[in-house]
Structures are given as structure tokens and as C-alpha cells.
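Residue numbers (my numbering), protein chains in the order written: chain U, 762 to 1167; chain P, 762 to 1167.
There are 2 protein chains.
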Amino acid sequence: MELKELINRNSSKILLIVLDGLGGLPVKEGKTELELAKTPNLDELVKRSATGLHIPVDYGITPGSGPGHLGIFGYDPQKYKIGRGILEALGLGIEVQDTDIAVRGNYATVKREGNKVIVVDRRAGRIPTEENRRITAKIQEAIKEIDGVKVIIRPGMEHRFAVVFRFPEKLPPGSDAINDTDPQQVGKEPLEPRGENPNAERVAQIVRKFIQKATEVIKDEPKANYILLRGFAQKPHIPTMEERFGLKACCIAVYPMYKGLASLVGMDLIEFEGNTIKDEIEALKKVWNEYDYFFVHIKKTDSYGEDGNYEGKISVIEEFDKHLPEFLELKPDVLAITGDHSTPSVLKGHSWHPVPLLIHSPYVLGGTSERFTERECLKGELGILPAVKITQLLLANALRLKKYGA
Amino acid sequence: MELKELINRNSSKILLIVLDGLGGLPVKEGKTELELAKTPNLDELVKRSATGLHIPVDYGITPGSGPGHLGIFGYDPQKYKIGRGILEALGLGIEVQDTDIAVRGNYATVKREGNKVIVVDRRAGRIPTEENRRITAKIQEAIKEIDGVKVIIRPGMEHRFAVVFRFPEKLPPGSDAINDTDPQQVGKEPLEPRGENPNAERVAQIVRKFIQKATEVIKDEPKANYILLRGFAQKPHIPTMEERFGLKACCIAVYPMYKGLASLVGMDLIEFEGNTIKDEIEALKKVWNEYDYFFVHIKKTDSYGEDGNYEGKISVIEEFDKHLPEFLELKPDVLAITGDHSTPSVLKGHSWHPVPLLIHSPYVLGGTSERFTERECLKGELGILPAVKITQLLLANALRLKKYGA
């Protein structure tokens, strides 16, 4: 069955709200962050919604942000793979092309002992973003091209940046098989980038020249006096949500990574001022008439989970709950609320645990869960399902799928 | 794993009762048709049964009757596909053979401008079924054979009919690759049927002659003065339930479509008088000693659902409940009760929602569901499972499957 053949376009609106790293584990009195949070609006909505939990990739598998989001967008994360460098470049607003090799960069602090370079801080003391911007501009000014390969470098937050090497022609698959230069430990020398095959080695030659030139430019900086590169990657071929699901889709997100992911599946990125949930809602309202599918990303649930700060995570859930009525006022035909993966505060990181999922539409049973929590969602009509099936369910609830077979 | 290798024939009896379009959504006071129905006998049985819900094809996918039934018979509906024309012919009671090409027909109204034929109504004003019967009989009378190919034509409802072209020998695969003749728009000429390959073109030649002769017969009808053909199809090759599961299977159904589907998987069709559940039970009793597996089809749950008549649907469920003790008196070793898909009255059509399933045998846990409803079945030991797995479960409960591996 090709889902494409069943697509029935209509004027319905699908709103997907992703609270990054939503799911959790007991943190206090045997209760999870979602169970401890006071969420009167979610409590009310959940009773009229279909609930369940989704498995982002597979049982026991902890997803990164890429696989986590691809799954909930309807793309099998084991089939569609996105290199880290591509994700970072997209996130920093570089429109990556088929002829590109992209890579993530860190500014680092090194000391020089004769010919030796020793890493003393892999993150250059997490320099302020402003300083990063100044330094990155200096490098970009000095290096525009290397042997006919265009070099695009963009600052990220703190010590992070992305580099894109734009070749004159499309590179064969496997041209991104180049090792990371980050030695992963202080007191060691950065690694030399080497290609695993002749095509990749051709790219690696350019990269080595770039590192040499760039570190020459910044060698006298007090902190950011070196660069480390990780995650060389080519742009994957991914059909758009329009092509696969007939959805004109947009993304409302603050952080670059998630914008990058959304643009990779063909979503338009909505520009807006500010970085609060309120700002996201204002942006959503402005484009409500222009799209079929809206992906709203809320980051801080994950950030606090990663910090092991369960009170912080609870406060973001409660803040979201306060804003929920504003999302509902838009009257989406289908509303889904979930996470891209779990980030239990007790694990201080992403985890493999199934993620609570709520789908609200006129065509659900409802009445199965009292609250939007891990344990209550277990009672729901959606059961435990693979994340990649969520989009099919959203399309069905939006009456955007024709009958299969006579 | 080949299920075939695990088959362990014995004398057990498996009874599968399909209430067509069984599952529903809340219609009144937040309750579904099954929740509103008074079903004392099901309430009693369900407590001693395994319960769950099955997904007919995939999450969010709404099945037609073909895929819906193939799934519960144990055939992956994404692997075994039944052409539209075949299904229509089966539905109108034509017993299709391996040498057949079947197609759906519409009577249409055309105007003739010189040599040109222009469609003015693709459905001939939805002529009454009685008129259809008269016209179809007229065509059948005039055309019995074309160049040694037998022509069988049967009226359906309103403007619909089916034609079977019965060739003297089996046709190669792909012989049904012929375009629809319906131009899909009024004001256009009907399309000429053409074969995509030499075998199909041979069939298309016969079809062109048929269209010419048939339209000659009806050219002076006030409305139904032309025919449009859609969905040319050969009989699919499907291994029988005997071959796959070692089951001597029979079908007790009133409507031709479901008999047709059952015959496609090798079930014997039991002939009987009448069309009530009571009549079906009498027929079942008569053949109880002759088969291993009995498929009993109850249609009206779906019909009322399609009409949006939830009270009608409830009354059929209640009527079935009254007759349940008579089914139990036969003492099937394994009894399964389910639907082929959901037909919520609020949607007035088939839907994607998981379908309640009950399996009664001596080898179930039971004690998980208080009633046979969508929400109560969510609590059951079968969970939410793909329809195609049901037959394996029935075989297991009938102790008809050997251990896999040592």
C-alpha cells in the first residue's frame, strides 16, 4: 500500500505540538514530572482525546533529536538518516545543497608545545555567542573558497558553529566518510581528518586546508584559538511532507536544530521575534490560514530534563498548560501533543521510554485517561505504537485518507 | 517461520462471527453503539474470554470490505489485493473463475454530435434499480458471447452493474491492464479501452466490441444510453485456507460480496433460505459436523452504521446478543467475535478505528473486560493487534499449532 495513493486533500488543519523530551520517570513520591505538574487544561482535554504512548525508534532504543523528530513527522528513522553536520548547518540557516559536505564545529582552546597542539578546553570555555559571531565573521572574511570549493561558516550558540563545503559538482555517496577531529578528551592532540575512501579523501584534503587556514586566523584569540570538527555529512534525499502526505507544512520553533529538521522534510520555517511559548502562539496565529500542518516545537522540557532539573521540567509543562487554551482557540481539526523522545530528569538525558501522545479530533473514543501522564496514557485507545505511524493517524483524523481497497 | 509447517490438524471447531463494521464512536451521552446496546449474553461471555482490538490494515487506514475480510481470514491485505471489478462481480453474485476478466460498469447519459459521443451524466441520473434490471437483461439477451468469449452482465443498485468476460482459457497475468473508459468529467468523450500489453490488448478488443454492441442495444433509452467501464481485474491467486492453515472452511453469509470474498480463500459457500441471524444459525447447525472453521457474516451492523442510524446498529447488536446462546450451544472449541472494520454511525462509513475482538476458548486468561465494547476491550489480554494475526491465535487456541523450534 502506498499512502500517497490514499491522500485526500481537504481544508483541515493539523496542529502537532512537540514538547521536547516530554516523557519521564518517577522523581518524587513515585511520581513523574508529568504526574507532579498541575495541568488543569490538559486534564480537561485528555478526557476528550485519544491517548497512548509512542516508541520513537524501537524498543529500548534512545533516539537523538533527528530520529526522534523524523519519526513523529512520519519518516521511518531507520530508513531516513541525517548526518549531524547537515542538521547543524540547516539549523543555523544554511540552505544545504546536494553538492555540500556539512560539519559541526566547536571552538576550542589549545596550547601549543613546539609543533604539538594540545586541547585544553574542548568548548573554549563556552565563549559568549557574541564572541563566537565576531570570530566566525573573521574566519569567513579570510576564507571564502579553497581550491574552487566554496566555504560557508555560520556561528551557533556559545562555542558552536557549522561549516559547509560547497563543491562545484555533486559528490558520490560516501564522500562524507571522514573522521571527527575532536579527540573527545583534553590533554590530547586534535585528530587529522582522513577520508575512508578516495572520494572522501578528496574532501578531507580541503578540510585539512580549511583547519590550517582557520586556526591561523584565530591563533591569537584568548580562548577560541582552535577548531574541532565533528559529524561530516552529505544532504540525505528525503521526500517532502507535501510529496508524501499532501500537506503544506510549516514549523514554529526557536532552536536551529529543529528548524533544520523541519526544513529537511520540506516544512516552511516561520520567522518570528522572541522565544517564549507565547511568541510561538503569536507566530502560529499569523500563518494559521496559510498551511495544513503546523509543527510547534517547545524546547525547555528537554533542556531541564537534560540538566536533571525536574522542577524546571515541571514548570515548563505547567507553563505550556496555561497556554493550551490559546492553541485550542485556533480550533485545529486535529491536535496532537507529544514529545520526540523521553528525557527523564533522573537520567539527565534522552531515553528509550515510550512517549505520551494525545490526539484530539471529533473522531476519537476518549474517556480512557484521566490525565496526560505516562501511566494514564497506557490506558488509552492508541496503545503503544511506533512513532512513524502517528502521521497516518493524524491524516485519518483529519479525514485526509481515502478508503484502502473496495 | 512458515505457519504451514506448524499446522497440527485435529477435530476442533473454530467459529468466527463477523459483525460487519462492528466498532464505533460515541453517539449519545459519550457512549458508542456497543456501549449503549443491552447485551447480557455478551457481557457474561466476555468475562470468560480474551479481548482486545484489531487493526484491519494499518494505523489510520480505513479498509474496504475486501482488505477488511482478508485480514481477519489471515491474509495480509497489503499483499493479497482484489481488483475492483472482481469485487463488484462477486458482490453481484457472479462466481468468478480463473479465466475471467471482470469490470464495474455505470450506465451513463450521452449526447451524440455527428460521430462524437459526449458524456452529459456519468450516472444516467441514478436510474432506479428496476430500470437498471430491465436494461441489463436487454443487453444480456442481445450479447451472450463475443468471438468465443462468454459475456456475463449483472445489474447492481441504481446505475451500477458488473460485466465478466469469460475466456476459453486462463489469461496470463497482466491481461487486465486496461484503462477505465470513464472520462471522469461530463462534457468529454468516453475513453477507448486499450491494453497496456499485447495480452491486455487482446482483452481490450473484446471489450471494445462489447461496448459497441451494448450501446447499440440501449442507444434509444432516455437516460441510460451509454456504458462506462472501470476497474478491469483478473481473479487474484490466493492460496486456500486449507492450504495455508489446514482448515476445511465454510461461509454462512447472506450478501454476495462476502460469499465472494470467502470463496476467494477457498471456503465452501453454504446455501440456505432466509436472511436473518436465526436463518444463519440453522444453516450453521446443519453443516456443523462437516467443517473445521465456520465464518458467519452479519451484515446489518455495517448497513446501519453507513446510514448514520446508531439506533439501528444498536438493535442489530442486541438481536445478535439474543441469539448468542444458540451459537454457544454448538460448543465451538474456539469462538471469535469481531468486525471486519469499524463503521461509526457518526462517520456514516467505514473507518480506521481498531475493532473489538473477543476470543473464547479454554485457554484464555479472561477477567479483564466487563463488557464487549471498544473501551473495555482496551483492557484485554490481546492488546491492539494486526487483524492478520487473528487466525494464528484461533489456530493456537484450537491447539492446531505445533511448537516452533525445539
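No residue lacks a Cβ here, since even glycine has one placed at the ideal position from N, Cα and C.
Exposed unless 16 or more other CB atoms sit within 10 angstroms - verdict on residue i
i                : result
A1044 of chain P : buried
E892 of chain P  : buried
R873 of chain P  : exposed
K996 of chain P  : buried
D981 of chain P  : exposed
P828 of chain U  : buried
L920 of chain U  : A small correction: the amino acid at residue 920 of chain U is His; Leu does not occupy that position in the sequence shown. Counting Cβ neighbours within 10 Å, H920 of chain U comes out buried, since at least 16 surround it.
G832 of chain P  : buried
H830 of chain P  : buried
L1126 of chain P : exposed
D861 of chain P  : buried
S1122 of chain U : buried
T1037 of chain P : exposed
E1041 of chain U : buried
Y1019 of chain U : buried
Cβ pair residue i, residue j closer than 8 Å
i                : j                : result
R883 of chain P  : D943 of chain P  : yes
I967 of chain P  : E794 of chain P  : no
G992 of chain P  : G846 of chain P  : yes
T870 of chain U  : K984 of chain U  : yes
T1129 of chain P : G1141 of chain P : yes
P954 of chain P  : L990 of chain P  : yes
V1026 of chain P : E950 of chain P  : no
V881 of chain P  : G1100 of chain P : no
K789 of chain P  : L797 of chain P  : yes
C1138 of chain U : G813 of chain U  : yes
S772 of chain P  : V1095 of chain P : no
L1160 of chain U : I1120 of chain U : no
I900 of chain P  : I979 of chain P  : yes
A903 of chain U  : A850 of chain U  : no
I913 of chain P  : R927 of chain P  : yes
Y1124 of chain U : T823 of chain P  : no
H1084 of chain P : K1046 of chain P : no
A811 of chain U  : L1143 of chain U : yes
Selected residue, minimal CA-CA separation from residue i, among the options
i                : options                               : result
P1105 of chain P : P:Q901, P:H1084, P:E1135 and P:Y1124  : P:E1135
N940 of chain P  : P:G948, P:F926 and P:A961             : P:A961
V1116 of chain P : P:E763, P:G821, P:I775 and P:D804     : P:G821
P1086 of chain P : P:K765, P:P801 and P:R895             : P:P801
K792 of chain U  : U:N1158, U:E1072 and U:F834           : U:E1072
A863 of chain P  : P:A903, P:G844 and P:L1096            : P:G844
Y836 of chain U  : U:L853, U:A850, U:E766 and U:P817     : U:P817
K842 of chain U  : U:R963, U:E796, U:N958 and U:P1000    : U:P1000
K1150 of chain P : P:S1112, P:P1123, P:A1097 and P:H1111 : P:A1097
R887 of chain U  : U:E902, U:K905 and U:G866             : U:G866
A965 of chain U  : U:E977, U:T976 and U:L952             : U:L952
A1157 of chain P : P:G1007, P:N1070, P:S1076 and P:P1017 : P:G1007
A1014 of chain U : U:D1029, U:V1048, U:A994 and U:V1057  : U:V1057
R895 of chain P  : P:P916, P:I907, P:E1032 and P:H1102   : P:P916
Segment limits, alpha helix (DSSP H) that includes residue i
i                : result
D1048 of chain U : A quick correction: the sequence has Val, not Asp, at residue 1048 of chain U. I1038 to V1048 is the span of the alpha helix (DSSP H), which, as asked, contains V1048 of chain U.
T1062 of chain U : K1061 to D1068
R963 of chain U  : P959 to I979
T897 of chain U  : T890 to A903
K1020 of chain U : P1017 to L1025
V878 of chain U  : Element bounds for V878 of chain U: not the alpha helix (DSSP H) but the beta strand (DSSP E), K877 to D882.
I807 of chain P  : Looking at the sequence shown, residue 807 of chain P is not Ile but Val. P801 to V807 is the span of the alpha helix (DSSP H), which, as asked, contains V807 of chain P.
A850 of chain U  : R845 to G852
Chain C within 8 Å of residue i, Cβ atoms only
i                : result
E1135 of chain P : This model lacks chain C altogether, as its protein chains are U and P.
Start-to-end residues for the beta strand (DSSP E) that takes in residue i
i                : result
F922 of chain U  : R921 to R927
R915 of chain U  : V910 to P916
F993 of chain P  : Y987 to Q995
N769 of chain P  : Premise fails: N769 of chain P is in no beta strand (DSSP E) and is neither H nor E.
D1082 of chain U : Here D1082 of chain U belongs to no beta strand (DSSP E); instead the alpha helix (DSSP H) covers Y1071 to E1090.
E874 of chain U  : D861 to E874
I816 of chain P  : A811 to I816
A1097 of chain P : V1095 to T1099
P828 of chain P  : First-last for P828 of chain P: S826 to I833, but that is the alpha helix (DSSP H), not the beta strand (DSSP E).
A1157 of chain P : First-last for A1157 of chain P: I1151 to N1158, but that is the alpha helix (DSSP H), not the beta strand (DSSP E).
Any 3 or more C-beta pairs closer than 8 Å across the stretch 852 to 860 of chain P and the stretch 798 to 814 of chain P: no
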